[in-house]
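One structure is given below, encoded as structure tokens.
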Amino acid sequence: MNSFFRRQLTDYVEYHRDPWNCVMHVFGIVFLFLAAILPLSLLSFTLFGVEVSAAVLAVLPVLFYWFLLDLALGAGIFCGAVALLSLAAWIVSHVTITGLWSLTAVLLVVGVASQIIGHQVFERRKPSMADHPAHLLLGPMFVMAKLFIALGFRHDLARIIQPPQDSLSYSQ
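Those letters in the sequence shown? Residues 4 to 175, by this note's numbering.
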């Protein structure tokens with residue numbers, strides 16, 4: 004793990020100590036990611052003879068950034084992104100435009116609400132993005148890191164992410 008990512012993650016974790024806030028983030032981040040790529044999945048381009056959606060083109064630079072931060076977590080997020088991009092493509096091919104925009108709106112509202120509830124109700128502090136806009140890109144890394152830890156991998160991340168037993172910011 005590079006030192007830049009370690010510093011970013013350490014700072015991000017301070018805003019995400021409550022386990023229920025973390026659960027809210029899992030759903031919120033997935034819903035917000037899907038809400039972002041659904042409308043972009045309507046547009047497609049032919050690049051080098053291959054049909055590519057605007058959603059894929061939008062996700063590639065962010066995936067590259069995540070790979071640079073941490074190769075293993077980036078690979079995990081890549082797998083999740085492929086699944087969500089596939090789901091978005093399926094949804095686009097099976098719903099009307101009105102249905103797509105309605106679903107996008109619902110995902111956006113529920114995703115944002117879960118983030119706000121997580122921070123206001125469980126964490127009792129403002130979201131980390133209010134102080135650090137770059138944390139918008141760290142949410143998926145945090146969720147993937149929690150998954151890796153739950154599966155017994157990446158003990159180096161567990162030392163950063165697991166709340167200390169005497170932490171005042173951790174509410175039970």
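Glycine is no exception: its CB is placed at the ideal position from the N, C-alpha and C atoms.
Since the structure is predicted, the reported quantities are computational estimates derived from the model, not experimental observations.
### Message
For a quick check, are the C-beta atoms of S131 and M27 less than 8 Å apart?
### Response
For the 8 Å CB-CB criterion, S131 and M27 do not form a contact.
### Query
Nearest CA to the CA of W104: which residue from I163, A39, E126 and V16?
Taking W104 as reference, the option from I163, A39, E126 and V16 with the minimal CA-CA separation is A39.
### Task
Please list the segments of the beta strand (DSSP E) lying wholly inside the region 26–55, counting only runs of 3 or more residues, in order along the chain.
For the region 26–55, whole beta strand (DSSP E) runs of length 3 or above, ordered along the chain, are 47–50.
### Message
Looking at the secondary structure, which residues open and close the alpha helix (DSSP H) in which F7 lies?
### Response
F7 -> alpha helix (DSSP H) spans S6 to V16.
### Query
Would you call R20 buried or exposed, if buried means 16 or more other Cβ atoms sit within 10 Å of its Cβ?
Buried, since its Cβ has 16 or more Cβ neighbours within 10 Å.
### DSSP three-state assignment for T101, whether helix, strand or coil
Three-state DSSP puts T101 in a helix.
### Query
Got a sec? Which residues, its chain only, sit under 6 Å from Q175 by beta carbon, not counting five neighbours each side?
Confidence is the limiting factor: at Q175 the pLDDT is only 43, short of 50, which leaves the residue's position unreliable, though a coordinate-based value still follows. Cβ neighbours of Q175 beyond the five flanking positions: none.
### Message
So the candidates are D134, Q11, P42 and D14; which of them puts its Cα closest to the Cα of A108?
### Response
Checking every option, the nearest Cα to that of A108 belongs to P42.
### Query
Can you tell me whether DSSP reads S170 as helix, strand or coil?
Only weak support is given to the placement of S170: the predicted model assigns it a pLDDT of 48, under 50, and the value that follows is read from those uncertain coordinates. DSSP places S170 in the coil class of the three-state scheme, outside both helix and strand.
### Three-way DSSP call (helix, strand, coil) for H19 in this model
Here H19 sits in coil by DSSP.
### Task
Out of G155, H135 and M147, state which residue places its alpha-carbon closest to the alpha-carbon of Q11.
Of G155, H135 and M147, the residue nearest in Cα terms is H135.
### Task
Say yes only if the C-beta of L71 is nearer than 7 Å to one or more non-hydrogen atoms of the ligand GTP, and no if none qualify.
This structure does not include the ligand GTP; it has no bound ligands of any sort.
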